[in-house]
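To start, the structure itself, in structure tokens.
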Amino acid sequence: MTTNELRTTLAQAELQAVHAALVALADHVAHWTPEKMTADPDAAYKGLDLVSTSMTHVSERVDRAMDLVKPEEPQQ
Numbered sequence: 001m002t003t004n005e006l007r008t009t010l011a012q013a014e015l016q017a018v019h020a021a022l023v024a025l026a027d028h029v030a031h032w033t034p035e036k037m038t039a040d041p042d043a044a045y046k047g048l049d050l051v052s053t054s055m056t057h058v059s060e061r062v063d064r065a066m067d068l069v070k071p072e073e074p075q076q
């Protein structure tokens, strides 16, 4: 396996993890209906804070995948 193939495989694994995280986050966000948020604002705040933190991690994983597939600069 070449270095580029390995990097592409690692990038694909990162993106699969991103997909799984986004599916889980979508379910979590869907849980917080306006009624549930009104009934328990503290829990809603904590739940949505978790979504915010998770999105930061998702963004980092996407950045890592992009770095893995970025064309290498020609060495001189």
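Read in order, the letters of the sequence shown are residues 1 to 76 in the working numbering. No residue lacks a Cβ here, since even glycine has one placed at the ideal position from N, Cα and C.
Who are the Cβ neighbours of L22 in its own chain at under 7 Å, not counting the five residues just before and after it?
V58
CB V51 to CB H28, shorter than 8 Å?
yes
Between the C-alpha atoms of P42 and K36, what's the straight-line distance to the nearest angstrom?
A small correction: the amino acid at residue 42 is Asp; Pro does not occupy that position in the sequence shown. Distance between the alpha carbons of D42 and K36 is about 11 Å.
Looking at R64: is its Cβ nearer than 8 Å to the Cβ of E5?
no
May I ask which residues mark the beginning and end of the alpha helix (DSSP H) holding T2?
Element bounds for T2: n/a, residue is neither H nor E.
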